[in-house]
Amino acid sequence: MDPSRIPAEFPAPSFRGAQEQALADIRDAFASGNRVVLVRAPTGSGKSLLARAIMGAAETAGEAAPSEATGAYYTTPQVSQIDDVEADDLLDDLAVIRGKSNYDCVLPGEHDTPVNRAPCARQQGFDCSIRHRCPYFSDRAIASGNRFAAMTLAYFMRTAGSEVFRKRDVVVIDEAHGLAEWAEMYATIEISPERVPVWDDVGVPDVAADAGAEEDPLDRTARFVESLRDVAIRAKDELVGRPELDREEVARRDRLQELISELGWFLEDYRDVESPTTWVVDQSGGEGSPIDIKPLDPARYLRHTVWDRGNRFALLSATILSKEAFCRGVGLDPADVALVDVEHTFPLANRPLYDVTQGSMTYEHRDETVPKIARLIVRLMAEHPDEKGLIHAHSYDIAERITERLGEFGVAARVRRHDRQNRDAELEAWKASSDPEVFVSVKMEEALDLKGDLCRWQVVCKAPYRNTNDSRVARRLEDGQWAWYHRTALRTVIQACGRVVRAPDDYGATYLADDSLLDLFERAEADTPDWFRDQVDAMTTPSLPAFDPEVALAGIDASPSGGAGAGRRRSRRSGGSESGNAGHSSREEGGSVATDGDATADSGTTGDESVKTRSERDAERRRDHPLSDVWGDG
């Protein structure tokens, strides 16, 4: 690596914000001999462009000896980030590769067959005459031979040890703050009917009750895993021996191979007395029930899948909050790691936080607090009649409760929501809509670029603490890792706040509805970046309009009663638009955030039309379309 090349490799025609200084600091950090550089860059810093500049410092084939690593990898946990890289003209020298399931076979009669189920995967000794035209193998060949290759972190980890994607000189990991958690997720082994094709061929023990005198549940689990692995190997070998498989059999064979690898990794690590990995086992239903085998801080897993894949590493994120804690979680020596802070250049007035807390959103208080938050959202709709809003509901349970209440209040015509199956489709429909829709979302705090009018306000409904019923979380808290617990929640809040302000001239308001968020800011103060601490310190309590569903629908062609004659209403704002900063709405007199003085507000309309969300109405229109019986064909 030649760090001196980093500034000159910046792909944009000019620098903006603090990019030039950031690249100089990164260059100096690598030049000082650090193997890993953490780049803490706030949202909107142009991390992808910084990443490309760092990659440009990697040795080229003409500079290195044949045995030395050359080139660079770009990887990120987020599929959407890879999509953005592929679409960015400034990054067109990055060759993107995806998993086989993302490509369709081009053989005649196989046009709807993903490559991982194509004849080359189904038939023994199949010689594809047009493999050179296969979209997957073509992209793979290009990426493997290109100076810069880009892929998701999942694909990057799966190709560890590959002869195709070998060690490179430089590896850049974008959105790296959750690297330890992603590694835990990838290394978790789920033994269940859905994930184990030979489930009916094995007897699943109660690993706690059946443990021997000198065993614990983990020991008993390891004994069971040994027998399960043997059964899986026999089943896989039987399928491999067949001359041809159908698609379902190919899926079974591939899953068996994955399972054998997962179980083998666990057994190897379990037997290694020097391994730093701590394993925990979850089995809530006793004998015959699923088992989850989960690693804590899987540093050894990361060593093989990540740290052995490059000479130098740059890890970029807005929310690497503690260098020491991050290094401890991913198996790095802090002495080999430098931290570069990038200045936040967005005006504070453009990214305000507002205290609109309505009570506690812990489980025991949720029944009382959710209706208050739903009422708050109606008032925020009135405050932002012509602007799109995003509701971070934290869980599908909370999302359903809020959506139901908004329907009862008669404002569902402005609301869109998603479930686990239609998440991406509903997100794209919301972004594409010209109406000021309010999107009730789950787990969209990261990797979502809502620049400009795509979204001008958002609500954080709950402090995003990790689930204490998760055995890994419980184990850490038993060990007193409360700083980690608060730090991970703060990280998610900071990520969420960055969704709606994407450039120095952009603006967007973030409303905090859960009392626990204020407590979180106090408990995690030591790990809070200065630029976000400025936002917290500047937080105010706004004066909001009274609860009025009709005013909440002022920006769309709908009425709270679901009537057809409402017409499009003029905005409360002069001229119907807002100039200047967010905050950023004209504050009407009367009606604070705490109480609106409307004694009849709870008696919202419950007519059939008024409780249908945008998502439900769209689904009905598709179902009633004259061509609905062939929708999507061809």
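Mapping to our numbering: the sequence shown position 78 is 78, numbers consecutive.
Quick reminder that beta carbons are idealized off the backbone N, C-alpha and C, glycines included.
Is DSSP giving R417 helix, strand or coil here? The count along the sequence shown starts at 1 and reaches residue 417 at position 417. R417: strand per DSSP, three-state reduction.
Less than 9 Å between the beta carbons of L553 and A413, yes or no? Residue 553 sits at position 553 when you count from the first residue of the sequence shown. Residue 413 sits at position 413 when you count from the first residue of the sequence shown. Yes, the Cβ-Cβ distance between L553 and A413 is below 9 Å.
Could I get the ranges of all uninterrupted alpha helix (DSSP H) runs contained in the segment 68–135, with 4 residues as the minimum, in chain order? 79–87, 119–122
R35 and R312: beta carbons closer than 9 Å? If you number the sequence shown from 1, residue 35 lands on position 35. If you number the sequence shown from 1, residue 312 lands on position 312. Their beta carbons are under 9 Å apart, which means R35 touches R312 by this criterion.
Buried or exposed for T60, going by 16 or more other Cβ atoms inside 10 Å? Stepping through the sequence shown from its first residue, residue 60 is reached at position 60. Exposed, since its Cβ has fewer than 16 Cβ neighbours within 10 Å.
Is G636 buried or exposed, if buried means 16 or more other CB atoms sit within 10 Å of its CB? This structure leaves residue 636 out entirely; the chain is present only between 1 and 634.
For A601, collect the residues of the same chain with a Cβ closer than 7 Å to its Cβ; drop the 5 residues on either side in sequence, then sort them by chain order. Position 601 of the sequence shown, counted from the first residue, corresponds to residue 601. Since pLDDT at A601 reaches only 43, below the 50 mark, its modelled position is unreliable, and the value read off the structure follows with that caveat. Answer for A601: R375, F547, listed in chain order.
So what does DSSP say about M1, is it helix, strand or coil? On the sequence shown, position 1 is the one that residue 1 refers to. Coil, per DSSP.
Buried/exposed call for R420, threshold 16 Cβ in 10 Å: As a first step, residue 420 is located in the sequence shown; it is residue number 420 there, counting from the start. Exposed: under 16 other Cβ atoms inside 10 Å.
By Cβ distance below 6 Å, which residues in the same chain neighbour R220 in space, the five residues on each side in sequence not counted? The residue given as residue 220 occupies position 220 in the sequence shown. Here the set comprises V207, D210, A211.
Which residue spans inside the segment 328–380 form an unbroken beta strand (DSSP E) run of at least 3? 337–341, 353–355
Of the listed residues D367, L332, P3, nearest to D169 (C-alpha basis): Position 169 of the sequence shown, counting from 1, holds the residue named residue 169. The shortest C-alpha separation from D169 is found at P3.
At least one CB of chain D closer than 9 Å to the CB of A141: is that the case? Of the protein chains in the structure, only one exists, and it is not chain D.
Neighbour-count burial assignment, N350, 16 or more Cβ in a 10 Å radius: Translated into the one-based positions of the sequence shown, residue 350 becomes position 350. Buried is the call here.
Run through DSSP, which three-state label would L406 get? Within the sequence shown, the letter at position 406 stands for residue 406. The answer is helix: DSSP assigns L406 an H, G or I state.
From this set, Q124, D230, G288, Q257, which residue's C-alpha is nearest A192's C-alpha? As a position in the sequence shown, residue 192 is number 192, starting the count at 1. The sequence as given places Ser at residue 192; Ala does not occur at that position. Residue G288 is the option with its Cα nearest to S192.
What did DSSP end up calling V536 once you bin it into helix, strand or coil? The residue you call residue 536 lines up with position 536 of the sequence shown. V536 falls in the helix class under three-state DSSP.
When you compare the CB positions of A53 and L94, do they come within less than 9 Å of one another, or not? As a first step, residue 53 must be located in the sequence shown, where it is residue number 53. As a first step, residue 94 must be located in the sequence shown, where it is residue number 94. No; because the gap between Cβ atoms is not below 9 Å, this pair is not in contact.
Using the C-alpha atoms, what's the distance from E214 back to Q78? Indexing the sequence shown from 1 puts residue 78 at position 78. Indexing the sequence shown from 1 puts residue 214 at position 214. Cα to Cα, Q78 sits roughly 43 Å from E214.
Environment of Q21 [buried if 16+ CB atoms lie within 10 Å]: Translated into positions along the sequence shown, residue 21 becomes position 21. The residue is exposed, with fewer than 16 neighbouring Cβ atoms inside 10 Å.
Between the beta-carbon of K714 and the beta-carbon of D453, is there less than 9 Å? Here the chain has residues from 1 to 634 only, and residue 714 is not among them.
For the beta strand (DSSP E) containing T152, list its first residue and its last residue. Numbered from its first residue, the sequence shown carries residue 152 at position 152. First-last of the beta strand (DSSP E) with T152: 148–152.
To the nearest angstrom, how far is it from the Cα of S32 to the Cα of D336? Numbered from 1 along the sequence shown, position 32 holds the residue referred to as residue 32. Numbered from 1 along the sequence shown, position 336 holds the residue referred to as residue 336. About 10 Å.
E244 in three-state terms, based on DSSP: Residue numbering aside, residue 244 sits at position 244 when the sequence shown is read from its first letter. Reduced to three states, the DSSP call for E244 is strand.
Apart from the five residues just before and just after D635, which ones in its own chain have a Cβ nearer than 7 Å to its Cβ? As shown, the chain starts at 1 and ends at 634. That puts residue 635 outside it, with no answer to give.
For the beta strand (DSSP E) containing P295, list its first residue and its last residue. As a working mapping, residue 295 is identified with position 295 in the sequence shown. It spans 291–296 - the beta strand (DSSP E) in which P295 sits, taken as one unbroken run.
Using CA coordinates, which residue listed in P549, E181, A58 is at the minimum distance from A325? Here residue 325 refers to the residue found at position 325 of the sequence shown. If we check each option's Cα against that of A325, E181 comes out closest.
Tell me whether V473 sits in a helix, a strand or coil according to DSSP, three-state version. Here the question's residue 473 lines up with position 473 in the sequence shown. Helix at V473.
Using the rule of at least 16 other Cβ atoms within 10 Å of the residue's Cβ for burial, across every protein chain shown, is R271 buried or exposed? Taking the sequence shown and counting its residues from 1, the one referred to as residue 271 is at position 271. When all chains shown are included, R271 counts as exposed.
Own chain residues within Cβ distance below 8 Å of T278, not counting five before or after: Numbered from 1 along the sequence shown, position 278 holds the residue referred to as residue 278. P295, L296, D297, R475.
From R456 to V356, what does the alpha carbon distance come to, in whole angstroms? Translated into the one-based positions of the sequence shown, residue 456 becomes position 456. Translated into the one-based positions of the sequence shown, residue 356 becomes position 356. About 17 Å.
Through-space distance from S138 to P549, alpha-carbon basis: Within the sequence shown, the letter at position 549 stands for residue 549. Within the sequence shown, the letter at position 138 stands for residue 138. If you take the alpha carbons of P549 and S138, they lie about 55 Å apart.
Where DSSP assigns a beta bridge to Y511, which residues make up the other side? In the sequence shown, residue 511 corresponds to position 511, counting from 1. Note: Y511 sits in a beta bridge opposite Y354, V459.
Which partner residues of L316 appear in the DSSP bridge assignment? Counted from its first residue, the sequence shown places residue 316 at position 316. Answer is V39, bridged to L316.
If you count every other CB in all the chains shown that lies within 10 Å of the CB of Q495, and 16 or more means buried, which is it? Along the sequence shown, one-based indexing puts residue 495 at 495. By the 10 Å Cβ count, Q495 comes out buried.
Alpha-carbon spacing of Q358 relative to Y136, whole angstroms: Working through the sequence shown from its first residue, we reach residue 358 at position 358. Working through the sequence shown from its first residue, we reach residue 136 at position 136. Approximately 51 Å, taken between the alpha carbons.
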